[in-house]
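The sequence shown begins at 221 in our numbering and counts up by one.
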Amino acid sequence: QSTMPPAGASSGGPEAPEGFGEWLWGAYHFATDRNDFQRNLIINLGLFAAGVWLARNVSGIDLMASQPGL
């Protein structure tokens, strides 16, 4: 006899999250997982990529330019 798991329960295999709540739940469990090396590696690569994106897209702003009226 085959029984279906309750809605929202994992069936054992990998499956895509179906909404923002499940994504947030997955992100929370990923962040609190005990595999520190993998978590830190992925977080650091993400922060590095965000820094590279920021440096490339904000490079047109001159922070040292004199402000008008000052």
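Here a beta-carbon is modelled for each residue, glycine too, at the ideal position from N, C-alpha and C.
Heavy atom of the ligand FMN within 7 Å of A270 beta-carbon: For the ligand FMN, the structure offers nothing, since it holds no ligand at all.
Under 8 Å between C-beta atoms of A251 and R259: The residue labelled residue 251 in the question sits at position 31 within the sequence shown. The residue labelled residue 259 in the question sits at position 39 within the sequence shown. Judged by beta-carbon spacing, R259 lies within the 8 Å limit of A251, meaning their Cβ atoms are closer than that value.
Inter-residue spacing [alpha-carbon to alpha-carbon] between I263 and G289: Looking up residue 263 in the sequence shown gives position 43. Looking up residue 289 in the sequence shown gives position 69. Those two C-alpha atoms are separated by around 42 Å.
Three-way DSSP call (helix, strand, coil) for G241 in this model: Working through the sequence shown from its first residue, we reach residue 241 at position 21. In this structure, G241 counts as helix in the three-state DSSP scheme.
Reduced DSSP secondary structure (H/G/I, E/B, other) of N277: Mapped onto the sequence shown, residue 277 falls at position 57. Secondary structure of N277 (DSSP, three-state): helix.
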